[in-house]
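Inspection log for the structure reproduced underneath, given as structure tokens.
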């Protein structure tokens, strides 16, 4: 809302295998992922690619909010399957969206924010 202060979450800090870090919020994980796509030292993705990721991850965030999830580690494979049932895309578009979701969770896995990707076992829609 107008006039309300926006408080940014601190960036997650790297940690060693022995340390346990607090769970990262879904919002912060999405921000970090999109920052990586924008960064010339990261993925340096094209503007249209960033837009597609932003749209897809916005849908993921809204679905999470509806389930009461605030952390990326709350997601399970059944959640990804349930999320997929909300899509109104063609099989090819659905397959592309699933690739974006898998890429996001792979990024979270790479950063040790989750133990395994809930999207990894999910297959693309038939006809893709």
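Numbering (our numbering), first residue to last: 91 to 218.
For every residue, glycine included, the Cβ atom is placed at its ideal position computed from N, Cα and C.
Kindly give me the distance between the Cβ atoms of residue 167 and residue 212, rounded to whole angstroms, as I take these residues to be in contact under 8 Å. Indexing the chain shown from 1 puts residue 167 at position 77. Indexing the chain shown from 1 puts residue 212 at position 122. About 7 Å separates the two Cβ atoms, so the contact holds.
If you count every other CB in all the chains shown that lies within 10 Å of the CB of residue 217, and 16 or more means buried, which is it? Against the chain shown, residue 217 aligns to sequence position 127. Answer is exposed; the Cβ neighbour count stays below 16.
At what residues does the alpha helix (DSSP H) containing residue 120 begin and finish? For the purposes of this step, residue 120 is identified with residue 30 of the chain shown, where counting begins at 1. Taken as a continuous stretch (DSSP letters only), the alpha helix (DSSP H) holding residue 120 covers 116-128.
At which residues does the alpha helix (DSSP H) containing residue 207 begin and terminate? Translated into the one-based positions of the chain shown, residue 207 becomes position 117. Residue 207 -> no alpha helix (DSSP H), and no H or E assigned at all.
So for residue 161, helix, strand or coil by DSSP? Against the chain shown, residue 161 aligns to sequence position 71. Of the three classes helix, strand and coil, the one that applies to residue 161 here is strand, per DSSP.
Meets three-Cβ-pair contact criterion under 8 Å: the segment 113-130 and the segment 153-165: yes
Looking at residue 179 and the ligand ADP, is the gap between the Cβ and the nearest heavy atom below 7 Å? This structure simply doesn't include the ligand ADP, nor any ligand for that matter.
Coarse secondary structure for residue 216, derived from DSSP in three states: Position 126 of the chain shown, counted from the first residue, corresponds to residue 216. Residue state, collapsed to three classes: coil.
Starting from the Cα of residue 210, find the closest Cα among 201, 191 and 202 and give me that residue. Locating residue 210 in the chain shown gives position 120, counting from the first residue. Closest by alpha carbon: 191.
Could you give the first and the last residue of the continuous alpha helix (DSSP H) run that contains residue 174? Taking the chain shown and counting its residues from 1, one reaches residue 174 at position 84. Residue 174 -> alpha helix (DSSP H) spans 167-174.
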